[in-house]
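Residue numbers (my numbering), protein chains in the order written: chain A, 1 to 38; chain B, 39 to 269. Cβ coordinates follow ideal geometry from the N, Cα and C atoms, glycine included.
Here is the structure:
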């Protein structure tokens, strides 16, 4: 395994979690608003 | 202009679509960065943090710059849509900043030997992040919409002024942070696989920024329209 792989994995996981948590919460609120108005 | 339920629904639909495209593009960047780009000889795998850190920094700076520009327009035109856009862009900018300010130290530790150093680039970036945290706190503390928009516009403009200083700080001061390798006067100094992946990363982060902002703006307009209908 190349050097510093654990740091790379940590950074990729942190970024993915932040994007998915924020994006997921926005998408959930968006779908809820669209469903409510239907 | 007062928001309506139907117009805000249209904005939310665009936001949902762009956000899904942005998240899918981000997944493609992860695959390209991990499977397509070569390992840098000296830094090893840590260098690949570059493909998540730099596009996140790009979107954060774009978000905060747009808050400032739109705030200037708000103070001129007094259109509440501009204030709603600035609020959305500030929130999304904070999200990208969290990624920039966490992936940066994770990259710094194995390469610089330290998680953090108080040099100009890092310190100014942290100050910008804290300034926009203050911006969001200010917004939640003022209940009168016109007053909230006016005060937060001034803070937003002050934040925007920091962005060019952050860009040139690596030229003006001694720093551990590398100088720009793409956004500079001469040609980008990267192998083609790395450059292609980075440019696609910029595109993915820009689409994701746009999706988040449009969706956040649409949700805010939708909430205002519901409130207007109730009253």
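query, result
"Spatial neighbours of residue 68 of chain B in its chain, beta-carbon cut-off 7 Å, leaving aside the 5 residues before and after", "none"
"Coarse secondary structure for residue 60 of chain B, derived from DSSP in three states", "helix"
"Proximity test, Cβ basis, 8 Å: residue 35 of chain A and chain B", "no"
"Proximal residues of chain B, C-beta to C-beta of residue 10 of chain A below 8 Å", "144"
"CB contact flag (residue 242 of chain B, residue 96 of chain B, <8 Å)", "no"
"Min CB distance residue 105 of chain B to chain A below 8 Å", "no"
"8 Å Cβ cutoff, residue 279 of chain B in contact with chain A", "Summary: the structure shown does not reach residue 279 of chain B, with chain B confined to residues 39 through 269, and so no result is reported for it."
"Meets three-Cβ-pair contact criterion under 8 Å: the region 16-26 of chain A and the region 57-74 of chain B", "yes"
"Cutoff 8 Å: residue 68 of chain B Cβ touching any chain A Cβ", "yes"
"Status (buried if at least 16 other CB within 10 Å, exposed otherwise) for residue 102 of chain B", "buried"
"Three-state class that DSSP yields for residue 78 of chain B in the structure shown", "strand"
"Residue 134 of chain B beta carbon less than 8 Å from that of residue 158 of chain B", "no"
"Assigned exposure category for residue 39 of chain B - 16 Cβ within 10 Å defines buried", "exposed"
"Beta strand (DSSP E) runs wholly inside the region 77-124 of chain B, at least 3 long, in chain order", "none"
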